[in-house]
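Peer 1: This structure is in structure tokens; I'll ask about it shortly.
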Amino acid sequence: MEIRLDHITKKYGKITALNDINLTFSGTGCTGLLGPNGAGKTTMLKLMTNIIRPTHGEVTINGINVSDYPERALSFLGSLIEQPEFYGYLTSREILNFTGKIKGLKNEEIKSEIDRLSKITQISGFLDRKTGGYSRGMKQRLALSVALMGNPEIVVLDEPTFGLDPKGMSEIHSLIKEISRDKLVILSTHLLYEARDLCNRVIIINSGTIGHDSKTEENREMLKITLESDYNNDLDGNIHPFRVNGNEIILEKPPDMHNDEIINMLSRNGMHVKYVEKYDDLEEIYISLTKDSGYGT
């Protein structure tokens, strides 16, 4: 399972929403597209799903060009792009039945899929209610069911927790963690904690370009320690600060050490600690990259 973006540029008139993007998404797990509103995240997902076409470059899914052979390419993919809206006079069952037919499933397969999905996304309780009376969370669960119809190996989700209350967000997060075990999930978000919690890879997009691409599972646990006086560069043991600024040091926390042990080691070397806090390097990178954000789509 793979999606490739090769030299993708997308322009809207004089505005460049994406500029010469080269990315490959493959294997199982969840990749997060992180960026502020207008960074280009939704534009990228729309290109993957053939809602729009690139100005330059090509998108391929499992080696198939999305623009040239959309039906074949998109047969591997399910998606939730922007905020879901449904005809209010239709029920969830009717919408899922229609979706199954579009995907070429037989009647028995559709029935089986509706049963499976209604349990996974917890829509059983309102499966036969018209969608006109649905809350935002109910619509979001139905939209996820639509995306998962036919058990696609790739799932593309555009801000799937937008507008949900904390309980609804938690439920959607649990579902995304579950499906990303055996699927390739590509998720857009502007929430740092959501990207960190759900994704094993995070790509920061800003003003139509890739600012950062790393796997969050490789991120080290970092500490920011503020001392009562300046760091004296006389520290023994297996602690090696990688950044020092006067009385502030940033260091990688050894996996076999507790904070108290680090504090004691510093104290033995004449450096008394005022306080210790977890250092969020992803947050620093994000803020640094997006502080002068422009506009995109």
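Numbering-wise (numbering that gives the first Met the number 0), the sequence shown opens with residue 0 and increments by one.
Positions of the beta carbon are idealized from the N, C-alpha and C atoms, including for glycine.
1) Which runs of the alpha helix (DSSP H) at least 4 residues long sit entirely within the region 119 to 184? Give them in chain order.
2) Does Met256 pass the burial test, meaning 16 or more other C-beta atoms within 10 Å, or should it be called exposed?
3) Whose C-beta lies closer than 7 Å to the C-beta of His271 among residues of the same chain, with five residues either side of it excluded?
4) Measure the CB-CB distance between Thr120 and Leu143 and report whether it falls below 8 Å.
5) Mind checking Ser179: buried by the 16 CB within 10 Å criterion, or exposed?
6) Considering only residues of the same chain and omitting the five flanking positions on each side of Tyr294, which have a CB-CB separation below 6 Å?
7) In terms of alpha-carbon separation, which member of Tyr274, Tyr192, Leu197, Leu190 lies closest to Val184?
8) Please go through the same chain and pick out, in chain order, the residues whose beta-carbon is closer than 6 Å to the beta-carbon of Ser78, but skip the five residues on each side of it.
9) Between the region 169 to 176 and the region 200 to 216, are three or more C-beta pairs nearer than 8 Å?
10) Where does Met264 sit, in a helix, a strand or coil, going by DSSP?
11) Quick check on Pro253 - is its C-beta less than 8 Å from some C-beta in chain D?
12) Taking 8 Å as the threshold (C-beta atoms), are Thr188 and Gly31 in contact?
13) Tell me, which residues are paired with Val272 by DSSP?
14) Tell me, please, which residues DSSP counts as bridged to Lys10.
15) Taking DSSP as the reference, what is the three-state secondary structure of Ile2?
16) Can you name the start and end residues of the beta strand (DSSP E) that Gly210 belongs to?
17) My guess is that Val58 and Ile14 are in contact by the Cβ rule of under 8 Å, so how many angstroms apart are they, rounded?
18) CA-CA distance, Leu17 and Lys273?
19) Assign Lys118 to buried or exposed, taking buried as 16 or more other Cβ atoms, counted over all protein chains shown, within 10 Å of its Cβ.
20) For Val243, collect the residues of the same chain with a Cβ closer than 6 Å to its Cβ; drop the 5 residues on either side in sequence, then sort them by chain order.
21) Evaluate the contact criterion for the region 105 to 117 versus the region 156 to 172: three or more CB pairs, one atom per stretch, below 8 Å.
22) Quick one: does the C-beta of Asp157 sit closer than 7 Å to a heavy atom of the ligand ADP?
23) Contact check, Lys223 vs Glu247 under 8 Å by CB: the rounded distance?
24) Determine whether the beta carbon atoms of Ile2 and Ile60 lie at a separation below 8 Å.
25) Report the CB separation of Leu281 from Arg195 in whole angstroms; it is logged as a contact under 8 Å.
26) Could you give the residue range of the beta strand (DSSP E) that holds Thr59?
27) Taking C-alpha atoms, which residue in Glu107, Gly124, Val201, Leu73 lies nearest to Glu152?
28) Can you tell me which of the three DSSP states Thr30 falls into?
29) Please identify the residue among Gly28, Gly62, Pro69, Leu33 whose C-alpha is closest to the C-alpha of Leu46.
30) Rounded to whole angstroms, what is the Cα-Cα separation between Leu126 and Met137?
Peer 2: Inspection of the coordinates gives the following:
1) 135 to 147, 165 to 178
2) In the sequence shown, counting from the first residue as 1, residue 256 sits at position 257. Met256 is exposed by the Cβ-count criterion.
3) Here the question's residue 271 lines up with position 272 in the sequence shown. The answer, listed in chain order, is Leu226, Glu227.
4) Looking up residue 120 in the sequence shown gives position 121. Looking up residue 143 in the sequence shown gives position 144. It is a contact, given that the beta carbons lie within the stated cut-off.
5) If you number the sequence shown from 1, residue 179 lands on position 180. It is buried - the Cβ of Ser179 has at least 16 other Cβ atoms within 10 Å.
6) The residue labelled residue 294 in the question sits at position 295 within the sequence shown. With a pLDDT of only 44 at Tyr294, under the threshold of 50, the placement of this residue in the model should not be trusted, and no figure is reported.
7) Residue mapping note: residue 184 aligns to position 185 of the sequence shown, counting from 1. Considering only alpha carbons, the answer is Leu197.
8) Looking up residue 78 in the sequence shown gives position 79. Excluding residues within five positions, the ones whose Cβ falls inside 6 Å are Thr48, Ala146, Val155.
9) The region 169 to 176 is not in contact with the region 200 to 216.
10) Position 265 of the sequence shown, counted from the start, is the residue given in the question as residue 264. Met264: helix per DSSP, three-state reduction.
11) Included in the structure is just one protein chain, with no chain D present.
12) As a working note, residue 31 is residue 32 in the sequence shown. As a working note, residue 188 is residue 189 in the sequence shown. Yes, Cβ-Cβ distance for Gly31 and Thr188 is below 8 Å.
13) Within the sequence shown, numbered from 1, the residue matching residue 272 stands at position 273. Note: Val272 is bridge-paired with Leu226 in the DSSP secondary-structure output.
14) Numbered from 1 along the sequence shown, position 11 holds the residue referred to as residue 10. The partner list for Lys10 (beta bridge, DSSP) reads Thr15.
15) Translated into the one-based positions of the sequence shown, residue 2 becomes position 3. Of the three classes helix, strand and coil, the one that applies to Ile2 here is strand, per DSSP.
16) One-based indexing of the sequence shown puts residue 210 at position 211. Start and end: 208 to 213.
17) For the purposes of this step, residue 58 is taken as residue 59 along the sequence shown, with counting starting at 1. For the purposes of this step, residue 14 is taken as residue 15 along the sequence shown, with counting starting at 1. Contact flag wrong, Cβ pair sits at about 20 Å.
18) Position 18 of the sequence shown, counted from the start, is the residue given in the question as residue 17. Position 274 of the sequence shown, counted from the start, is the residue given in the question as residue 273. Whole-angstrom Cα-Cα distance: 45 Å.
19) Against the sequence shown, residue 118 aligns to sequence position 119. The residue in question, Lys118, is exposed, as its Cβ has fewer than 16 Cβ neighbours within 10 Å.
20) The sequence position of residue 243 within the sequence shown is 244, counting from 1. Closer than 6 Å at Cβ, skipping near neighbours: Tyr230.
21) no
22) This structure lacks the ligand ADP; in fact it carries no ligand of any kind.
23) Translated into the one-based positions of the sequence shown, residue 223 becomes position 224. Translated into the one-based positions of the sequence shown, residue 247 becomes position 248. Confirmed, about 7 Å.
24) As a first step, residue 2 is located in the sequence shown; it is residue number 3 there, counting from the start. As a first step, residue 60 is located in the sequence shown; it is residue number 61 there, counting from the start. The answer is yes: Cβ separation under 8 Å.
25) For this step, residue 281 is matched to residue 282 along the sequence shown. For this step, residue 195 is matched to residue 196 along the sequence shown. Between Leu281 and Arg195, the beta carbon gap of about 6 Å places them in contact (Cβ cut-off 8 Å).
26) The residue you call residue 59 lines up with position 60 of the sequence shown. Unbroken beta strand (DSSP E) run through Thr59: 55 to 60.
27) By 1-based counting over the sequence shown, the position of residue 152 is 153. For the residues Glu107, Gly124, Val201, Leu73, the minimum Cα distance to Glu152 belongs to Leu73.
28) To locate residue 30, count along the sequence shown from 1; it is residue 31. Of the three classes helix, strand and coil, the one that applies to Thr30 here is strand, per DSSP.
29) Position 47 of the sequence shown holds residue 46. Nearest option by C-alpha distance: Pro69.
30) As a first step, residue 126 must be located in the sequence shown, where it is residue number 127. As a first step, residue 137 must be located in the sequence shown, where it is residue number 138. Going from the Cα of Leu126 to the Cα of Met137 covers about 10 Å.
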